[in-house]
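Encoded as structure tokens, the structure appears first; notes follow it.
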Amino acid sequence: MQASIPPPVRDVPESAADTAGPGGAAATTYTAKQSTLVWRAFKKHRLAMAGVAVTIAFYVVALFAEFLAPYSASRFDAESTFAPPQLPQIVDISDDGWDWGLHVNGYTSSMDQETYAQTYEIDESTKIPLRFFAKGESYEFWGLFETNIHLIGPADPDQPMYLLGTDGNGRDLLSRIIHATRVSMSIGLVGVTMTFVLGVVLGGISGYVGGKTDLVIQRLVEFFMSIPTLPLWLGLAAALPDQWGPLRRYFAITVILAIIGWTSLARETRGKFMSLREEEFVTSAHLDGNSQPRVIFRHILPSFTSHLIASLSLSIPAMILAETALSFLGMGLQAPVVSWGVLLQDAQDIRTVATAAWLLLPGLAVVAAVLALNFVGDGLRDAADPYKR
Amino acid sequence: MTEQTTVTDDPARLDQDTLLRVENVSMDFPIRSRGLFSRTTGHVHAVNDVSLEIRSGEVLGLVGESGCGKTTLGRCIVGTNAPTGGSILYRKDTGDVVDLAAMSKKDRSAYQSEIRVVFQDPFTSLNPRMTILQIVGDPLKNFASLGRSEIEDRVAHMLQRVGLSPTHMHRYPHAFSGGERQRVNIARALVAEPRLVIADEAVSALDVSVRAQILNLLRDLQDEFNLTYLFISHDLSVVENICDRVAVMYLGKIVEIAETDDLYSAPRHPYTEALLAAVPKADPRLRGTGRRVRLSDEFPDPSNPPSGCFFHTRCSYADDDRCAHERPLLRTVAGVQQAACHYADELDLAGVGTEAGQVEP
Amino acid sequence: MPQPDVLLEVKGLKTHFFLDEGVVRAVDGVNLTLPRGKTVCVVGESGCGKSMTARSVLGLIEPPGKVVDGNIWWSPSVDRAPAAMTGNGAPIDLAALDRRSERLRQIRGKDIAMIFQEPMASLSPMYTVGDQLTETIRLHLPMNKREARDHGVSLLRRVGIPRPEQRMDAYPWQLSGGMCQRVMIAIALSCGPSLLIADEPTTALDVTTQARIIDLLAQLQADTGMSMMFITHDLGVVAEIADEVIVMYLGTVVEQGSVDQIFHNPKHPYTRALLASIPTMGRGARKRLPTIRGQVPPPLNRPPGCPYHPRCDLAVAGLCDTADPPTVEFSDGHRTRCVLHDPQTLREHEERMVRTAQEDT
Numbered sequence: 002m003q004a005s006i007p008p009p010v011r012d013v014p015e016s017a018a019d020t021a022g023p024g025g026a027a028a029t030t031y032t033a034k035q036s037t038l039v040w041r042a043f044k045k046h047r048l049a050m051a052g053v054a055v056t057i058a059f060y061v062v063a064l065f066a067e068f069l070a071p072y073s074a075s076r077f078d079a080e081s082t083f084a085p086p087q088l089p090q091i092v093d094i095s096d097d098g099w100d101w102g103l104h105v106n107g108y109t110s111s112m113d114q115e116t117y118a119q120t121y122e123i124d125e126s127t128k129i130p131l132r133f134f135a136k137g138e139s140y141e142f143w144g145l146f147e148t149n150i151h152l153i154g155p156a157d158p159d160q161p162m163y164l165l166g167t168d169g170n171g172r173d174l175l176s177r178i179i180h181a182t183r184v185s186m187s188i189g190l191v192g193v194t195m196t197f198v199l200g201v202v203l204g205g206i207s208g209y210v211g212g213k214t215d216l217v218i219q220r221l222v223e224f225f226m227s228i229p230t231l232p233l234w235l236g237l238a239a240a241l242p243d244q245w246g247p248l249r250r251y252f253a254i255t256v257i258l259a260i261i262g263w264t265s266l267a268r269e270t271r272g273k274f275m276s277l278r279e280e281e282f283v284t285s286a287h288l289d290g291n292s293q294p295r296v297i298f299r300h301i302l303p304s305f306t307s308h309l310i311a312s313l314s315l316s317i318p319a320m321i322l323a324e325t326a327l328s329f330l331g332m333g334l335q336a337p338v339v340s341w342g343v344l345l346q347d348a349q350d351i352r353t354v355a356t357a358a359w360l361l362l363p364g365l366a367v368v369a370a371v372l373a374l375n376f377v378g379d380g381l382r383d384a385a386d387p388y389k390r
Numbered sequence: 062m063t064e065q066t067t068v069t070d071d072p073a074r075l076d077q078d079t080l081l082r083v084e085n086v087s088m089d090f091p092i093r094s095r096g097l098f099s100r101t102t103g104h105v106h107a108v109n110d111v112s113l114e115i116r117s118g119e120v121l122g123l124v125g126e127s128g129c130g131k132t133t134l135g136r137c138i139v140g141t142n143a144p145t146g147g148s149i150l151y152r153k154d155t156g157d158v159v160d161l162a163a164m165s166k167k168d169r170s171a172y173q174s175e176i177r178v179v180f181q182d183p184f185t186s187l188n189p190r191m192t193i194l195q196i197v198g199d200p201l202k203n204f205a206s207l208g209r210s211e212i213e214d215r216v217a218h219m220l221q222r223v224g225l226s227p228t229h230m231h232r233y234p235h236a237f238s239g240g241e242r243q244r245v246n247i248a249r250a251l252v253a254e255p256r257l258v259i260a261d262e263a264v265s266a267l268d269v270s271v272r273a274q275i276l277n278l279l280r281d282l283q284d285e286f287n288l289t290y291l292f293i294s295h296d297l298s299v300v301e302n303i304c305d306r307v308a309v310m311y312l313g314k315i316v317e318i319a320e321t322d323d324l325y326s327a328p329r330h331p332y333t334e335a336l337l338a339a340v341p342k343a344d345p346r347l348r349g350t351g352r353r354v355r356l357s358d359e360f361p362d363p364s365n366p367p368s369g370c371f372f373h374t375r376c377s378y379a380d381d382d383r384c385a386h387e388r389p390l391l392r393t394v395a396g397v398q399q400a401a402c403h404y405a406d407e408l409d410l411a412g413v414g415t416e417a418g419q420v421e422p
Numbered sequence: 023m024p025q026p027d028v029l030l031e032v033k034g035l036k037t038h039f040f041l042d043e044g045v046v047r048a049v050d051g052v053n054l055t056l057p058r059g060k061t062v063c064v065v066g067e068s069g070c071g072k073s074m075t076a077r078s079v080l081g082l083i084e085p086p087g088k089v090v091d092g093n094i095w096w097s098p099s100v101d102r103a104p105a106a107m108t109g110n111g112a113p114i115d116l117a118a119l120d121r122r123s124e125r126l127r128q129i130r131g132k133d134i135a136m137i138f139q140e141p142m143a144s145l146s147p148m149y150t151v152g153d154q155l156t157e158t159i160r161l162h163l164p165m166n167k168r169e170a171r172d173h174g175v176s177l178l179r180r181v182g183i184p185r186p187e188q189r190m191d192a193y194p195w196q197l198s199g200g201m202c203q204r205v206m207i208a209i210a211l212s213c214g215p216s217l218l219i220a221d222e223p224t225t226a227l228d229v230t231t232q233a234r235i236i237d238l239l240a241q242l243q244a245d246t247g248m249s250m251m252f253i254t255h256d257l258g259v260v261a262e263i264a265d266e267v268i269v270m271y272l273g274t275v276v277e278q279g280s281v282d283q284i285f286h287n288p289k290h291p292y293t294r295a296l297l298a299s300i301p302t303m304g305r306g307a308r309k310r311l312p313t314i315r316g317q318v319p320p321p322l323n324r325p326p327g328c329p330y331h332p333r334c335d336l337a338v339a340g341l342c343d344t345a346d347p348p349t350v351e352f353s354d355g356h357r358t359r360c361v362l363h364d365p366q367t368l369r370e371h372e373e374r375m376v377r378t379a380q381e382d383t
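Residue numbers (the working numbering), protein chains in the order written: chain E, 2 to 390; chain S, 62 to 422; chain R, 23 to 383.
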């Protein structure tokens, strides 16, 4: 029986890679870094890709706010308070012809003699031509140079163009939402950076050192988690000195948000550290003669950065919502700084909302941004571990 | 304590052909109550006063059920666990003898490159974010402080030796199958030219056909690099295949140690007999032949081991008197074999039939 | 139509997984028969599709996997049929049933039971052993709580669990791995299945525990007369327990025969090589093992023709690498899927080679 079995030719295996069929594609996968693999998995997540597009759009708006907004955030027009949105049109058929050209219709306003309330009608007969790269108010672009070019504006700067209407002070809502994007979107980023530092450092120490240190940090986390967040925010925000300028206030608010936000990240980091500390490849790293810091920074941390990034991108929307809530309650950022929350403060009054429903539009921006970021975070979380499948 | 505690003045403690001697080593893990003011409520004696010799150039097998302390003993030797008692005498290539257990962590690291480990799981033991070059080259970088190109050359050479193509060194572990990853692990262990390699269940996770390849590879590399292996495994058929001598562990203690052929053909401890009997025989015609020795599933609690002989609760030969009260010591039986059983001389225990024609298909 | 003494017949079963990277043909045209009242072992290395075949039988394939072709003829014996609600004993094609259908659910768990590799993972840590046992009993049998509990206790006793009354109230994590596997077996047996599928039930256990679980399964099989499909990669276990053996490689059955035929007269080169590469105890220390060259190809990259040809030393160039090998049946029911046992195909191939050689000159 045995005799019919031929002797082994050699013990060396042909690598799986060598015998791989679709040669080129497979070979690139074999040398692909983890980030490449994560990106490949992420690209298959349609909703997440849409989220990325929307998120990028929001940050582009934030970067080029002065250029994209027709007016500055503080310009007011006492003549047109609570002016309704105008619909931009391309063709005018009112005089029986096809008159091409981007325009909006003007307003006719009338004052109710009893209530003094101003009402607006869109006046189809007046035509306010619009221009791309129109000249308007001058502003300093990123502190580099002064210009007065805006993406869109009325051909005649004195004529009204309020695509999303105006507020009670006659300020253009579109411009204010665009300017607010910068503050609201950046507060998420800055807050998350602080969360990241606090969470990873404290969570990492907790998980890696263990013992008493771990115990103390975990109790601290539980303490912060047990405080009802809204009263704490309110309390902290109320404690901010009134005389602080907008910039200082802005940073104070991000710190407040980060103080609450770091706890869950710290827990996650700790958990990862604890499980990875026991992994064989970490033991191997020690045995290969690596020093403690090298094991931590070269072997442990990189193996869960993708998870960290995923959970971070999921906490940005939470930050944005928190800022919105604080500002809405009047405890967060305050005028003249504009954020979506600050804008929504105008919509607190039910009567205002009834007459000028467009003041709720900043809420739409919040919803869109939060959804988009959540989709991105979800996609990242799913793609974070390309080897587990 | 530092290098000053070397026992060079007493080299007689170590035979000339002994590479490493574990002397009365114990490893206790405290059982703590949970909570802020945790107290130690007891100890698990994972390794309990074990003495063992590893001779230069041999393959010593260490077998036992899971939880018997074989992995912990391996970890004590390699330095990931610091034993709670005993000494680990190691003969340097200069001939001097040092006690690894008495050294500080810092002094100990000098021997990390000489005693290396191959782990069981080829999937968790390689860092998925590092290329094969980085993984295999890491010990060279840390121990030998070599330059980049030199590391690359050595890694390429080593990969070739373990049967992998050096052109694959820039690939990540996910590009390799289980058997290939185990080859990477072996390359990583051997690249820094160790003297003692501890293979902790190194082939247990592999497929049948790949396992044979890796076993042959380990043997070839041993001859080529003049290595000594401590081969930890629960699989007695594999152990027989590769080991010169075998030590059997039960509940933190060595119960028998002998040359492989002696141990398999004529075990002297009832536990060894039971282990051998439990291994399925790869021949249906042998079904039902031989003595049926079966151990109960009731593994004693290692934090509270039985009195007397630890094995008496599961032993079919135990008596209520001596075995239950008196702890047997490891002693020489029938010339060279050592067993820790009161009745090692009297018992007629069944081994594996080695008579020609009985097993060979 | 299946033979009367055949409980389950799988014909041309194909289970594919549709991944982004391509289609993995996990089961690719499996033909096998499970005789009534026998133990059939399915052996093969990881990735050979043995588990997926079993899961396909039970309708447990989840997307992206799908049974794309083939029949699974299930013929419950006539006397069991009324209780099993499966008609008048006529064979049913399980592959044609919706995997969520009530009928399949009835068959699964009652007529066909399955136990898995990780007993701890298959039992819920939140419920006691008794809860989980009585739940299954009451799901399929008309019993009240009291009766179900009594039945459960008797089952635990039957699978060799000491003090079964107390163990009914234990949680799985309070039991050892071997005990957990016994509980799993008790649950599987609770409704008196006619087929027990055991997927590597002893792989995660110690040798000593494995031996006892195998004894138990063999005993239960003999007592109840149920059929058993035992999936394993360990040929030693096969030799201990199997009546018939099915050898799988890359999603196909390469050989099926009685255990004696497989071990003492293997026909397929893969079976032969596999048998040669296992270390057999009693061969003596340090014998070099024959190996199979190369390794199992990655799942997305099946070789054309006979899946084993790249590793086969007897492969016929121009034949094995192009055409699917024929299934050759010998007079004693032994079947193999290899061209070497099909003289006609070989002759035709030779003639063709000669012809092309002549045409060339």
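Glycine included, C-beta positions come from ideal geometry on N, C-alpha and C. Predicted model, so just to flag it, every value in this text is computed and none were measured.
With contact defined as three or more Cβ pairs closer than 8 Å, the segment 182–198 of chain R and the segment 117–128 of chain R are not in contact. Under the three-state reduction of DSSP, A295 of chain R is assigned to helix. The DSSP-derived three-state label of I259 of chain S is strand.
Annotated as distal: D91 of chain R and L30 of chain R, with beta-carbon spacing of 9 Å or more. Between V55 of chain E and A370 of chain E, the C-beta spacing is below 9 Å.
K136 of chain E is bridged by DSSP to E:I150.
By the beta-carbon neighbour count (other beta carbons within 10 angstroms, threshold 16), F237 of chain S is buried. By the Cβ-count criterion, P164 of chain R is exposed, with fewer than 16 other Cβ atoms from all chains shown falling within 10 Å of its own Cβ.
Taking the Cα of I254 of chain E as reference, the smallest distance to any Cα among E:A239, E:Q244, E:L266 is reached at E:A239.
When the Cα atoms are used, P147 of chain R and S198 of chain R turn out to be separated by approximately 13 Å. By the CB criterion at 9 Å, G166 of chain E and F83 of chain E fall inside the cutoff. Counting only runs that start and end inside the segment 316–404 of chain S, the beta strand (DSSP E) elements of at least 3 residues fall at 392–394, 398–400. Among the CB atoms of chain S, one or more fall inside 9 Å of the CB of F282 of chain E. Residue contact with chain S for G380 of chain E: absent (no Cβ-Cβ distance below 9 Å to any residue of chain S).
At a cut-off of 9 Å between C-beta atoms, S285 of chain E counts as an interface residue with respect to chain S.
Interface with chain E (9 Å Cβ-Cβ cutoff): S170 of chain S is included. Taking 4 residues as the shortest admissible run, the segment 230–273 of chain E contains the following complete alpha helix (DSSP H) segments, listed from N- to C-terminal end: 230–240.
Between V139 of chain S and chain E, the shortest Cβ-Cβ separation is below 9 Å. Between G137 of chain E and P86 of chain E the beta-carbon gap is near 19 Å, outside 8 Å, which marks them as no contact.
The three-state secondary structure of C70 of chain R, taken from DSSP, is coil. With a cut-off of 8 Å on Cβ pairs, the segment 289–303 of chain S is in contact with the segment 122–129 of chain S, counting three or more such pairs. DSSP places R82 of chain S in the strand class (E or B) of the three-state scheme. Excluding residues up to 5 positions away in sequence, D100 lie with their Cβ nearer than 8 Å to the Cβ of I94 of chain E in the same chain. Interface annotation, P189 of chain S: in contact with chain E, CB-CB separation under 9 Å.
Here DSSP, grouped into helix, strand and coil, assigns G412 of chain S to coil. Residues of the segment 116–132 of chain R with a C-beta less than 7 Å from any C-beta of chain S: none at all. For the options S:T185, S:I315, S:I115, S:T321, the alpha carbon positioned closest to that of A107 of chain S is the one of S:I315. For Q195 of chain S, the enclosing alpha helix (DSSP H) begins and ends at 193–200.
Residue pairing by DSSP leaves W341 of chain E without any beta bridge partner.
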